[in-house]
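Quick notes on the structure that follows.
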Amino acid sequence: MLGSNDPLSEVFEHFLSGPHIFKDREVLRPDYIPSHLPHRKDEIIHLGKILAPSLDGVRCSNILIYGKTGTGKTAVAKYTLDRLTKKGEEINASIRSSYVNCRIAGTPYRVLANLCHSIDIEIPFTGLATGEVFDRLKNTINSRRLFLICVLDEIDALVKDCGDSLLYELTRINEGLESGKLIIVGVSNDLKFKELLDPRVLSSLSEEEVVFKPYTALELKDILEERANAAFVRGRLTNGALNLCSALAASEHGDARRALDLLRVAGELAEREGASEASEEHVRWAQEKIEKDRVVEVLTTLPLHSKIVMLGILLLKKSSHENSTTGDLFEVYKEVCPRLGVDHLTQRRVSGLINELDLVGLINARVVSFGRYGRTKRVSLGILEEALVEVFKRDPLFDSIVNYHPQCLIRRHKKSNKSLEI
DNA sequence: CGTCCACAGGAATGACGGGCGG
DNA sequence: CCGCCCGTCATTCCTGTGGACG
Numbered sequence: 000m001l002g003s004n005d006p007l008s009e010v011f012e013h014f015l016s017g018p019h020i021f022k023d024r025e026v027l028r029p030d031y032i033p034s035h036l037p038h039r040k041d042e043i044i045h046l047g048k049i050l051a052p053s054l055d056g057v058r059c060s061n062i063l064i065y066g067k068t069g070t071g072k073t074a075v076a077k078y079t080l081d082r083l084t085k086k087g088e089e090i091n092a093s094i095r096s097s098y099v100n101c102r103i104a105g106t107p108y109r110v111l112a113n114l115c116h117s118i119d120i121e122i123p124f125t126g127l128a129t130g131e132v133f134d135r136l137k138n139t140i141n142s143r144r145l146f147l148i149c150v151l152d153e154i155d156a157l158v159k160d161c162g163d164s165l166l167y168e169l170t171r172i173n174e175g176l177e178s179g180k181l182i183i184v185g186v187s188n189d190l191k192f193k194e195l196l197d198p199r200v201l202s203s204l205s206e207e208e209v210v211f212k213p214y215t216a217l218e219l220k221d222i223l224e225e226r227a228n229a230a231f232v233r234g235r236l237t238n239g240a241l242n243l244c245s246a247l248a249a250s251e252h253g254d255a256r257r258a259l260d261l262l263r264v265a266g267e268l269a270e271r272e273g274a275s276e277a278s279e280e281h282v283r284w285a286q287e288k289i290e291k292d293r294v295v296e297v298l299t300t301l302p303l304h305s306k307i308v309m310l311g312i313l314l315l316k317k318s319s320h321e322n323s324t325t326g327d328l329f330e331v332y333k334e335v336c337p338r339l340g341v342d343h344l345t346q347r348r349v350s351g352l353i354n355e356l357d358l359v360g361l362i363n364a365r366v367v368s369f370g371r372y373g374r375t376k377r378v379s380l381g382i383l384e385e386a387l388v389e390v391f392k393r394d395p396l397f398d399s400i401v402n403y404h405p406q407c408l409i410r411r412h413k414k415s416n417k418s419l420e421i
């Protein structure tokens, strides 16, 4: 019925008959927790030793876990708690564990609500005072004589957004409990996070500290090998590709998540291409794709005026002003704004936007001095021009203006020839 | 050695929107 | 539901500054 004029049937057939690269791609997803965590034995044992007293009904220390992204903090915490609660069930200790991602939860209320849900207390989405939720949690722990071990992941995000008052309350909760205990396992990516905390909160929260070092290239290779065996059909991933993934991720602060991403995307690209195996070439291709996707994602979600500033840099570059000053950029920006039907912001604000764009890596901006001719910022593009052009062409507001030639540049040209000649 | 350019970037303040407690 | 408060974005006003020039 659909026959050869159905464009998709060919795609599906091709996919089904083509070589299969993956046997289970789920194991490469960032949230997958494997049953075995290579090169984290020491950390697991350390964590286990700290928490083990709870099996005996003894209060154990609160813990703070540090480490950069992709060093296995979350995986180790989840794994250890999982084993601990299983052991607790075996010997009939009333240990419960709870995992909350503070960044996703967002507010103290929702963090508390999550903790409550994990021990089967019903809490409405909204309507209760935060203090009321806190009391319910406390009372339940008390009356059921629970040992609640809660992992607060990305705890730095909570403190940055909402301050440390929730943590202060939580660290003090045990004082008001006759039976049962609450133990906090905080997880943070940010090493400077401690500076944001009240000293009292800090001292009780970090009774024990565990620092996760980045993986080395060799360790990453082990991790990847294990996952790759589970994820790929045997022989569909070259050794070179695997080595390259670990090397690339190791050079970027030993981020295992990054390495797994590379591996997964490389496999997907190979599969889509109908290749018989994922090779080093696919890995490099994957790296480009991941980077490009990231850039496109950041660019498209940029606020309007930041986008216009990016457009200004693009237009300057097209007129062979490779790195221009805040003043040049502001002139172009000011000229472009009315053409988009928008009022322009002040130079002060644009200067701030330039700094923000520098921070996310879309541009490079550094202060320079031209002596007699002033002190300013040199601004240049920090990403591929094509990626930028592509995003603008896809945007109905911008697509007609990417080839615009700003008038102010013609006037500027003679002047800048003198002052920028260094 | 002082001047002076072309901004940097801090502080105070205002406009706006959204969530929260009552 | 309403007022309140808070965070964000933007403006205004301001003081600070590296170094070529005279």
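Those letters in the first sequence? Residues 0 to 421, by numbering that gives the first Met the number 0.
By construction, the Cβ of each residue, glycine as well, lies at the ideal position given by its N, Cα and C atoms.
Treat the numbers as computed from the prediction; the structure is a model and nothing was measured.
Between Leu204 and Asn100, the C-beta gap is not smaller than 8 Å, which leaves the two residues out of contact.
Rounded to the nearest angstrom, the gap between the Cα atoms of Ala285 and Cys244 is 10 Å. Taken through DSSP and simplified to helix, strand or coil, Asp327 comes out as helix. Bridge partners of Arg377 according to DSSP: Thr324 and Arg365. Apart from the 5 residues on each side of it in sequence, Ala246 sits with its Cβ closer than 6 Å to the Cβ of Ala216 in its chain, given in chain order. Judged by DSSP secondary structure, Glu153 falls outside any alpha helix (DSSP H); it is assigned neither H nor E. Residue nearest to Leu303 within the set Lys291, Leu344 and Arg283 is Leu344 (criterion: CA-CA distance). Burial check for Gly370: the Cβ neighbour count within 10 Å stays below 16, so the residue is exposed.
Relative to Val295, the option among Val359, Gly273, His13 and Asn322 whose CA is nearest is Val359.
Check the Cα spacing between Leu176 and each of Leu145, Asp197 and Asp119: the tightest is with Leu145. Nearest in C-alpha terms to Thr73, of all of Val186, Lys22 and Asn402, is Val186. Taking Ile140 as reference, the option from Arg109, Ser178 and Pro123 with the minimal CA-CA separation is Ser178.
DSSP places Arg95 within a strand segment (E or B) once states are collapsed to three. Per DSSP, the beta-bridge partners of Leu236 are Ala277. Annotation for Phe133: the continuous alpha helix (DSSP H) segment containing it runs Thr129 to Arg143.
Assignment of beta-bridge partners to Tyr65 by DSSP yields Ser187 and Val210. Within its own chain, the residues whose Cβ lies closer than 6 Å to the Cβ of Phe192, once the five positions on either side in sequence are excluded, are Asp155, listed in chain order. Of the candidates Lys316, Lys376, Leu356 and Val341, the residue whose Cα lies closest to the Cα of Val401 is Lys316.
Note on Pro395: under 16 other CB atoms within 10 angstroms of its CB, so exposed under the neighbour-count rule. Here Phe11 is exposed: its Cβ has fewer than 16 other Cβ atoms, across all protein chains shown, within 10 Å.
The alpha-carbon separation between His252 and Glu131 amounts to approximately 43 Å. Val150 and Lys288 have their alpha carbons spaced roughly 34 Å apart.
Check the Cα spacing between Leu147 and each of Leu80, Arg109 and Thr106: the tightest is with Leu80. The Cβ atoms of Leu268 and Glu384 lie no closer than 8 Å to each other. According to DSSP, residue pairing for Leu241 in a beta bridge does not occur.
Leu181 sits in a strand when the DSSP states are folded into three classes. For Lys48, the enclosing alpha helix (DSSP H) covers residues Lys40 to Leu50.
In this structure, Leu157 sits near Val110, with a CB-CB distance shorter than 8 Å. Contact annotation: Thr68 and Lys212 have beta-carbon atoms that are not nearer than 8 Å. Look at Phe231 here: in three-state DSSP terms it is strand.
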